[in-house]
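Heads up: the structure comes next, in structure tokens.
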Amino acid sequence: MVTEITELQLTIKDWASIQPTWCPGCGDFAVLNAVKNSFVELQLQPHETVVVSGIGCSSNLPHFVAGYGLHTLHGRAIPVAEGVKLANPDLNVVVTGGDGDGLAIGIGGFLHGARRNMNLTYIVMDNAVYGLTVNQASPTSGLGRKTRSTPYGNIEPPFNPITLALAAGATFVARTSSGDKNHFAEILSEAIKHKGFAFIDDMSPCVTFNKVNTFDFFKERVYKLEETDHDPSNYQEAMLKSFEWGDKIPIGIIYQNKNVLTYEEQDPTITKFGSVVRRGAEKDIDALKNILKDFV
Amino acid sequence: MSDLFNEISIRISGENGDGIFSSGDTLAKICSRSGLEVHASRAYQSIIRGGHVSYSIRASNQEVRAPADYIELLVALRKDSFIVDAIPTMTKGGFILFDSKGSRIKDEPIPSDVELIDIPALELARKLSPLKILRNTVFVGAAIALYSLKLEYLEEIIHEAFDRKGEEVVNINIDAARAGYEWVLQNCKLIDHNVKLKDRTEKVFIGGNEALALGLLAGGLQSYSWYPMTPATPVGAFLAKYGPNAGCVVKQMEDEINVANFAVGAGFAGARSACATSGGGFALMTEAIGFASIIEAPVVFIEVARGGPSTGLPTKTEQGDLNQLLGASQGDFPRAIIAQTTIEDGFYLGQESLNIAEKYQIPVLIASDLYLGEHFETIPELDFEKIPIERGKLILEEIPVEEQPYLRYKLTEDGISPRAIPGVKGGEHDAGSDEHDEDGKLVSDRRAGFPEAIQVRIKQMNKRMGKMDLLLTELPPPQVESNADHPDILIVGWGSSYDVINEARADLLKVGIKSSQLHLKYILPFHAKEVKEILEDFESKQIPILMVEANYTGQMARHIRAETGFLLKHKYLRFDGEYILPREIGMEVKKLLNKE
Ligand SMILES: Cc1ncc(C[n+]2csc(CCOP(=O)(O)OP(=O)(O)O)c2C)c(N)n1
Ligand code: SF4
Numbered sequence: 001m002v003t004e005i006t007e008l009q010l011t012i013k014d015w016a017s018i019q020p021t022w023c024p025g026c027g028d029f030a031v032l033n034a035v036k037n038s039f040v041e042l043q044l045q046p047h048e049t050v051v052v053s054g055i056g057c058s059s060n061l062p063h064f065v066a067g068y069g070l071h072t073l074h075g076r077a078i079p080v081a082e083g084v085k086l087a088n089p090d091l092n093v094v095v096t097g098g099d100g101d102g103l104a105i106g107i108g109g110f111l112h113g114a115r116r117n118m119n120l121t122y123i124v125m126d127n128a129v130y131g132l133t134v135n136q137a138s139p140t141s142g143l144g145r146k147t148r149s150t151p152y153g154n155i156e157p158p159f160n161p162i163t164l165a166l167a168a169g170a171t172f173v174a175r176t177s178s179g180d181k182n183h184f185a186e187i188l189s190e191a192i193k194h195k196g197f198a199f200i201d202d203m204s205p206c207v208t209f210n211k212v213n214t215f216d217f218f219k220e221r222v223y224k225l226e227e228t229d230h231d232p233s234n235y236q237e238a239m240l241k242s243f244e245w246g247d248k249i250p251i252g253i254i255y256q257n258k259n260v261l262t263y264e265e266q267d268p269t270i271t272k273f274g275s276v277v278r279r280g281a282e283k284d285i286d287a288l289k290n291i292l293k294d295f296v
Numbered sequence: 297m298s299d300l301f302n303e304i305s306i307r308i309s310g311e312n313g314d315g316i317f318s319s320g321d322t323l324a325k326i327c328s329r330s331g332l333e334v335h336a337s338r339a340y341q342s343i344i345r346g347g348h349v350s351y352s353i354r355a356s357n358q359e360v361r362a363p364a365d366y367i368e369l370l371v372a373l374r375k376d377s378f379i380v381d382a383i384p385t386m387t388k389g390g391f392i393l394f395d396s397k398g399s400r401i402k403d404e405p406i407p408s409d410v411e412l413i414d415i416p417a418l419e420l421a422r423k424l425s426p427l428k429i430l431r432n433t434v435f436v437g438a439a440i441a442l443y444s445l446k447l448e449y450l451e452e453i454i455h456e457a458f459d460r461k462g463e464e465v466v467n468i469n470i471d472a473a474r475a476g477y478e479w480v481l482q483n484c485k486l487i488d489h490n491v492k493l494k495d496r497t498e499k500v501f502i503g504g505n506e507a508l509a510l511g512l513l514a515g516g517l518q519s520y521s522w523y524p525m526t527p528a529t530p531v532g533a534f535l536a537k538y539g540p541n542a543g544c545v546v547k548q549m550e551d552e553i554n555v556a557n558f559a560v561g562a563g564f565a566g567a568r569s570a571c572a573t574s575g576g577g578f579a580l581m582t583e584a585i586g587f588a589s590i591i592e593a594p595v596v597f598i599e600v601a602r603g604g605p606s607t608g609l610p611t612k613t614e615q616g617d618l619n620q621l622l623g624a625s626q627g628d629f630p631r632a633i634i635a636q637t638t639i640e641d642g643f644y645l646g647q648e649s650l651n652i653a654e655k656y657q658i659p660v661l662i663a664s665d666l667y668l669g670e671h672f673e674t675i676p677e678l679d680f681e682k683i684p685i686e687r688g689k690l691i692l693e694e695i696p697v698e699e700q701p702y703l704r705y706k707l708t709e710d711g712i713s714p715r716a717i718p719g720v721k722g723g724e725h726d727a728g729s730d731e732h733d734e735d736g737k738l739v740s741d742r743r744a745g746f747p748e749a750i751q752v753r754i755k756q757m758n759k760r761m762g763k764m765d766l767l768l769t770e771l772p773p774p775q776v777e778s779n780a781d782h783p784d785i786l787i788v789g790w791g792s793s794y795d796v797i798n799e800a801r802a803d804l805l806k807v808g809i810k811s812s813q814l815h816l817k818y819i820l821p822f823h824a825k826e827v828k829e830i831l832e833d834f835e836s837k838q839i840p841i842l843m844v845e846a847n848y849t850g851q852m853a854r855h856i857r858a859e860t861g862f863l864l865k866h867k868y869l870r871f872d873g874e875y876i877l878p879r880e881i882g883m884e885v886k887k888l889l890n891k892e
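Chains F and L, in that order, give the protein sequences.
Residue numbers for the first sequence follow my numbering, beginning at 1 and rising by one.
Residue numbers for the second sequence follow my numbering, beginning at 297 and rising by one.
Here you go:
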């Protein structure tokens, strides 16, 4: 629920929490910054907001922002967030995690989440490496990359998260860069406002372990889609855009379809009762006895 | 012991695709509507066409809570019915209703002293319609005529099933039923039985899975997630159908890992949450069970066991997953494990388990199995008021500033912390799968190893584990049931075998063997002291003790030994996938007492 501006404006202070534990300079700081700024811009209420994450450096994010935080298991942020969302669709649910978390162990949840189109925002903090377990190859590590699990060079081609999200049916797909905080916050606000599954692949450099995909690497390559004639409502065009990765890397909204119903808008229970948590746990004896009529 | 002619015992069998289950179900419902107590069970394989399936009905004026030991009337649709059903499970005085021409049955082996009734079912059906399936209705009509059951009930059920398909379909079916019925009246001597048929009765006839699912709804279930797996699928199918009108969100997920994690998310968000699966799916769920426990989110996990290991015996029963339930998820963490004991028990257990989960903020694991989950019985009237919804220390109102800071994992005397859920102002907190402090902040990164963090760990562990001790004081300790002051034997069982052991004991009493029964339902936390006292008492009186379980190693016997130190020497273990029958328990008891 995006609250309208009220007399009591919330500020960045309302989202303050403990100090992050990331390495100085980590790309994840920009994600935290964007999250807070966008929450302020949209005037989300902390008590109505749940930030859900998996396990990894990046997945520690919920602890660093106020509101409700749910720091789940490695690779399970999406299904847990879906459980939260269907139990109480009135909540704002934002999911964060690493590329290992979402694209390796959690790939099933990610793809099915995309096709389900629940009203969730999912940010993959993509550093193309496993940070927390100290430098192993991830599904977005480039060919030839040397890590502790690929000491002779990575021989598995990387995934393209954008193409995957599009193929799976995500209705909002964007790429952002931790190197451009303000742009990131703008796109994140659009993602949160989007009605449906919004996916953001954020280029979030791991300054400790990834010496290839650095802030400079992205600075030299990124350009903003808003400044081109890219049409995010065109699925085919978006698909083609998703393949662009090299000397030029597009950031911004690659695809958005505003005309699809969300899962919640079609779920037979939610369309009848709204939030079941808000409704409360009920024992409707007459209704239950009615069920028994089918069992005589 | 099923008792020929003092009970009705019918089995209808044929191939998958023959419509055996719906014909069986019709026969069972006719018995139930005739005021009888009914027990019905199915046997089938993991294919959609072919194979050999059967539906067995036992009906009586007395309670029947176990499968019949013998078939009285076999409705044999296929050749295999003679080999699989007739030879092993028919005895003197039985009847076989079959269609030699329609089913091409010629030289099948026939048990001695049974009467053959060769009805031209297919021919009668063909006169009405080219649809082969209609012969089942002819058979059902014939079967009820043999037992002098009312044709009226069959017609009623035909209406219920086919009214939406139009008058023509209804009429053809009714004509087929009448054709079978009339044929028997004209050509056969009716079965002379002592069962008293009553006036029309409306008794609930329901399966173990369905009763458990209904119990969950009665317990205010608000979220159910699942992935199909035999034999837990009927829980999901029931809730998918009835959940939405009862305020329960039902979500089929992509695998059981995500089923379980969805359930934890819903539980965290404040929904009464459950999920169900069988052994293989449960194996995938285990990490999430520990997750639920450490973030203290209430969730009910149901495990309806089938024969293992691995894909094992997908359509056969076993109590072989107890070790898995006990060992699920890493580390030490509070949880309850409770076994469903009867169909009726499922209704109350569904409610009780949600209350325990929410009051203690723990995962509750329910152990059931294929036999219990998939068989149907007429059950006594359900008491919908008996178990109120209890939500424990759930906070739904804003937490005022004076009461800040709110500590989600506050150390309290009883180990249970007041629980705020998203949406509650002032209750904002972090819930994490890492070890955490009272405020939910993790101690696993920067602080791990610091003396203060070590203290946090110890305190949070003690707080969480203490909930098990508290829960044990609320759970009713096991009681010994006896049919004499000086019993000859104590039979120990758990979960789904309650009724079967009970009936075995009643049969034993008829031949002068007195017995006691100790039946275990609450598996974790365990009433170690009480169970030990009971077992030692019997041992000191030199009364033999027989453990009955449907698994290879005696998993409950091992659990009892782990909890009490008591070694159960005599075990009757069945692991071939078939149900434990009263007669077999009786034979074991007689063997043990040297009375054979
Ligand atoms: C089931 C399971 N497997 C493995 C791990 C170990 N583990 C923790 S974080 C992680 C990968 C972290 O990489 P990523 O998700 O990309 O996040 P980053 O640390 O780079 O932000 C792994 C493998 C775990 N916690 N749980
Ligand atoms: S290891 Fe890499 S990803 Fe992890 S906190 Fe440090 S810089 Fe960030």
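We treat Cβ as the ideally placed atom computed from N, Cα and C, and that holds for glycine.
| said: Our contact map puts Val309/F next to Asn259/F with C-beta atoms below 8 Å; I'd like the distance itself, whole angstroms only. | reply: Residue 309/F lies beyond the range of chain F shown here (1 to 296); nothing can be said about it.
| task | Please name the residue in Pro139/F, Phe29/F, Pro20/F, Asp90/F whose C-alpha comes closest to that of Lys181/F. | result | As a first step, residue 181/F is located in the first sequence; it is residue number 181 there, counting from the start. Ranking the options by Cα distance to Lys181/F, first place goes to Phe29/F.
| request: Measure the C-alpha to C-alpha separation of Tyr255/F and Pro62/F and round it to an integer number of angstroms. | output: Locating residue 255/F in the first sequence gives position 255, counting from the first residue. Locating residue 62/F in the first sequence gives position 62, counting from the first residue. Looking at the two C-alpha atoms, the distance is approximately 27 Å.
| message | Looking only at its chain, what residues have a beta carbon closer than 8 Å to the beta carbon of Gly791/L, apart from the 5 residues adjacent to it on each side? | response | Here residue 791/L corresponds to residue number 495 of the second sequence, with the count starting at 1. Hits under 8 Å: Gln615, Ala635, Gln636, Thr637, Ala663, Ser664, Asp665, Leu668, Leu816, Lys817.
| task | Kindly say whether Val124/F, judged by its beta-carbon, lies nearer than 8 Å to any beta-carbon of chain L. | result | To locate residue 124/F, count along the first sequence from 1; it is residue 124. Not one chain L Cβ lies under 8 Å of Val124/F.
| request: State buried or exposed for Ser606/L, treating a residue as buried only when at least 16 other CB atoms are found within 10 Å of its CB. | output: Within the second sequence, residue 606/L is the residue found at index 310, counting from 1. With fewer than 16 other Cβ atoms within 10 Å, it is exposed.
| What is the DSSP secondary structure of Ser350/L, reduced to helix, strand or coil? | In the second sequence, the residue the question calls residue 350/L occupies position 54. Three-state DSSP puts Ser350/L in a strand.
| said: According to DSSP, simplified to helix, strand and coil, what is Trp479/L? | reply: Here residue 479/L refers to the residue found at position 183 when the second sequence is read from its first residue. In the structure shown, Trp479/L sits in a helix (DSSP, three-state: H, G or I).
| Per-residue contacts from Phe110/F into chain L (C-beta, under 9 Å) | Taking the first residue of the first sequence as position 1, residue 110/F is located at position 110. Correct list: empty, because the minimum Cβ distance to chain L is about 10 Å.
| Going by C-alpha distance, which of Val739/L, Glu694/L, Lys706/L is nearest Val720/L? | Working through the second sequence from its first residue, we reach residue 720/L at position 424. Among Val739/L, Glu694/L, Lys706/L, the Cα nearest to that of Val720/L is on Glu694/L.
| task | Check whether the Cβ atoms of Val84/F and Val50/F lie closer than 8 Å to each other. | result | As a position in the first sequence, residue 84/F is number 84, starting the count at 1. As a position in the first sequence, residue 50/F is number 50, starting the count at 1. Contact: yes.
| Cβ-Cβ distance between Cys327/L and Ile304/L below 8 Å | As a working note, residue 327/L is residue 31 in the second sequence. As a working note, residue 304/L is residue 8 in the second sequence. In contact: Cys327/L and Ile304/L (Cβ atoms closer than 8 Å).
| request: At 8 Å on the CB atoms, spell out the chain L contacts of Phe39/F, in chain order. | output: Within the first sequence, residue 39/F is the residue found at index 39, counting from 1. The contacting residues do not exist; Phe39/F stays about 13 Å from chain L at best.
| Cβ of Ile343/L versus every heavy atom of ligand 1: is any distance shorter than 7 Å? | Residue mapping note: residue 343/L aligns to position 47 of the second sequence, counting from 1. Flag unset: Cβ of Ile343/L not near ligand 1.
| task | Could you please tell me which residues of the segment 152-173 of chain F, in chain order, have their CB closer than 8 Å to any CB of chain L? | result | none
| said: For the pair the segment 565-582 of chain L and the segment 515-525 of chain L, tell me if three or more CB-CB distances fall below 8 Å. | reply: yes
| request: Drop a sphere of 10 angstroms on the beta-carbon of Thr497/L, count the other beta-carbons inside from all chains shown, and report buried for 16 or more, exposed for fewer. | output: In the second sequence, the residue the question calls residue 497/L occupies position 201. When all chains shown are included, Thr497/L counts as exposed.
| message | Looking at ligand 4, does it come within less than 7 Å of Cys544/L, judged from the CB to the closest heavy atom? | response | By its list of ligands, the structure shown excludes ligand 4, since it contains just ligand 1 and ligand 2.
| request: Output, in chain order, the set of chain L residues within a Cβ distance shorter than 7 Å of Tyr130/F. | output: For the purposes of this step, residue 130/F is taken as residue 130 along the first sequence, with counting starting at 1. By Cβ distance, chain L contributes nothing, its closest Cβ being about 16 Å from Tyr130/F, past 7 Å.
| said: Am I right that Val296/F and Lys499/L are in contact with their C-beta atoms under 8 Å? What's the rounded C-beta distance? | reply: In the first sequence, the residue the question calls residue 296/F occupies position 296. In the second sequence, the residue the question calls residue 499/L occupies position 203. That belief holds up - the Cβ atoms of Val296/F and Lys499/L are roughly 7 Å apart, short of 8 Å.
| Alpha carbon of Gly106/F to alpha carbon of Ile383/L, nearest angstrom | On the first sequence, position 106 is the one that residue 106/F refers to. On the second sequence, position 87 is the one that residue 383/L refers to. Between Gly106/F and Ile383/L, the C-alpha separation is close to 53 Å.
| request: Give the straight-line distance between the Cα atoms of Gly503/L and Val555/L, rounded to the nearest whole angstrom. | output: Translated into the one-based positions of the second sequence, residue 503/L becomes position 207. Translated into the one-based positions of the second sequence, residue 555/L becomes position 259. If I take the Cα positions, the gap works out to 23 Å.
| said: I need the DSSP call for Val50/F, collapsed to helix, strand or coil. | reply: For the purposes of this step, residue 50/F is taken as residue 50 along the first sequence, with counting starting at 1. If DSSP states are grouped into helix, strand and coil, Val50/F belongs with the strands.
| request: Take the Cβ of Lys492/L as the centre, count every other Cβ of all protein chains shown within 10 Å, and call the residue buried at 16 or more, exposed below. | output: For the purposes of this step, residue 492/L is taken as residue 196 along the second sequence, with counting starting at 1. Classification of Lys492/L: exposed, given that the 10 Å Cβ count is below 16.
| message | Cutting at 7 Å between CB atoms, please list the residues of its own chain near Gly604/L, excluding the five before and the five after it. | response | If you number the second sequence from 1, residue 604/L lands on position 308. Same-chain partners within the cutoff: Gly575, Glu614, Gly616, Asp617.
| task | Could you tell me which chain F residues have their CB closer than 7 Å to the CB of Lys499/L, listed as they occur along the chain? | result | By one-based count along the second sequence, residue 499/L stands at place 203. Near Lys499/L (Cβ distances below 7 Å), the residues of chain F are Val296.
| query | Would you call the segment 830-840 of chain L and the segment 778-790 of chain L in contact, with 3 or more CB pairs under 8 Å? | reply | yes
| query | How about Arg753/L and Phe629/L: are their beta carbons less than 8 Å apart? | reply | Numbered from its first residue, the second sequence carries residue 753/L at position 457. Numbered from its first residue, the second sequence carries residue 629/L at position 333. Cβ atoms of Arg753/L and Phe629/L: not closer than 8 Å.
| Integer Cβ distance of Ile333/L from Thr860/L, believed to fall under 8 Å | Sequence index remark: in the second sequence, residue 333/L carries index 37 (1-based). Sequence index remark: in the second sequence, residue 860/L carries index 564 (1-based). The sequence as given places Glu at residue 333/L; Ile does not occur at that position. 37 Å between Cβ atoms; not a contact.
| field | Selected residue, minimal CA-CA separation from Ser408/L, among Phe378/L, Ala858/L, Gly315/L, Leu450/L | value | Looking up residue 408/L in the second sequence gives position 112. Of the listed residues, the one whose Cα sits closest to Ser408/L is Phe378/L.
| field | Residues of its chain near Leu424/L, where Cβ-Cβ distance is below 8 Å and the 5 sequence neighbours each way are ignored | value | Along the second sequence, read from residue 1 onward, the residue named residue 424/L stands at position 128. Counting only Cβ-Cβ distances below 8 Å, and skipping sequence neighbours, we find Leu430, Ile468, Asp471, Ala472, Ala475.
| query | Rounded to the nearest angstrom, how far is the Cβ of Asn779/L from that of Leu805/L, given a contact under 8 Å? | reply | For the purposes of this step, residue 779/L is taken as the residue at position 483 of the second sequence. For the purposes of this step, residue 805/L is taken as the residue at position 509 of the second sequence. Yes, Asn779/L and Leu805/L are in contact; Cβ-Cβ is about 5 Å, under 8 Å.
| request: Consider the C-beta atom of Gly144/F and the heavy atoms of ligand 2; say whether any pair is separated by less than 7 Å. | output: For this step, residue 144/F is matched to residue 144 along the first sequence. Incorrect: Gly144/F has no Cβ contact closer than 7 Å to ligand 2.
| query | What in chain L is Cβ-close to His183/F, meaning under 9 Å? | reply | Within the first sequence, the letter at position 183 stands for residue 183/F. The premise fails here: His183/F is roughly 28 Å from chain L at the closest Cβ pair, so nothing lies under 9 Å.
| field | Thr208/F CB to nearest heavy atom of ligand 2 below 7 Å | value | The sequence position of residue 208/F within the first sequence is 208, counting from 1. Within the cutoff, so yes.
| In the segment 518-551 of chain L, which residues sit with their C-beta less than 8 Å from some C-beta in chain F, listed in chain order? | Gln518, Ser519, Ser521, Tyr538, Gly539, Pro540, Asn541, Ala542, Gly543, Cys544, Val545, Val546, Lys547, Met549, Glu550, Asp551
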